[in-house]
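K.L.:
Once you've had a glance at the structure underneath, I'll fire off some questions.
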Amino acid sequence: MANHIVLLATLALYLSVSLASDHIPLQDFCVADPNSPALVNGLACKDAKLVQANDFSFSGLHLAGNTSNPVGSRVTPITVTQVPALNTLGISMDHIDYAPWGINPPHTHPRASEILTVIEG
40 MANHIVLLAT
50 LALYLSVSLA
60 SDHIPLQDFC
70 VADPNSPALV
80 NGLACKDAKL
90 VQANDFSFSG
100 LHLAGNTSNP
110 VGSRVTPITV
120 TQVPALNTLG
130 ISMDHIDYAP
140 WGINPPHTHP
150 RASEILTVIE
160 G
């Protein structure tokens, strides 16, 4: 009798986990399609068959920015425009170059955070 209870409990636990998952996710990823005529919040998703590896990468991080300006820094934004796979993820990146004594001008990020990592200097 105890074996039947353990078996029934194990089966109930297994079924509750398997029935709680969605075997067909609504969206695994949404690579932006800037040429789509659809008007949505953000950019429309590219057909998954048309997604390429370069939709997930950006090759300009190694290029130095021109810092000859009053604040001595240059920001290179990396958003969904540069990396279409960032679409719908709610994230972006920046590459910032600083001249000696350059500054990060005061600014805000409503509903967002900022992490800076200094590579050299």
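Residue numbers (my numbering): 40 to 160. All C-beta atoms, glycine included, are put in the ideal place defined by N, C-alpha and C.
Can residue 75 and residue 87 be called in contact, C-beta distance under 9 Å?
P.N.:
Their beta carbons are not under 9 Å apart, which means residue 75 does not touch residue 87 by this criterion.
K.L.:
Compute the distance between the beta-carbons of residue 135 and residue 113, then report whether it is under 9 Å.
P.N.:
Cβ atoms of residue 135 and residue 113: closer than 9 Å.
K.L.:
Quick one: what does DSSP say residue 133 is sitting in, helix, strand or coil?
P.N.:
Strand.
K.L.:
Return the CA-CA distance between residue 72 and residue 42, expressed in angstroms with no decimal places.
P.N.:
Computed Cα separation, rounded: 56 Å.
K.L.:
Name the residue from 110, 131, 137, 157 whose alpha carbon lies nearest to the alpha carbon of residue 144.
P.N.:
When only C-alpha atoms are compared, the closest one is 110.
K.L.:
To which residues of the same chain is residue 77 closer than 6 Å at the C-beta, ignoring the five residues directly before and after it?
P.N.:
Contacts found: 83.
K.L.:
Just list the residues that DSSP pairs residue 112 with in beta bridges.
P.N.:
137.
K.L.:
Residue 106 to residue 133, Cα distance in whole Å?
P.N.:
Distance between the alpha carbons of residue 106 and residue 133 is about 15 Å.
K.L.:
Helix, strand or coil: which one does DSSP assign to residue 79?
P.N.:
Strand at residue 79.
K.L.:
If we ignore side chains and look at the alpha-carbon of each, how far apart do residue 90 and residue 124 end up?
P.N.:
Rounded to the nearest angstrom, the two C-alpha atoms are 9 Å apart.
K.L.:
CB-CB under 7 Å to residue 40, same chain, minus the five flanking residues each way: which ones, in chain order?
P.N.:
The answer is none, since no qualifying residue turns up.
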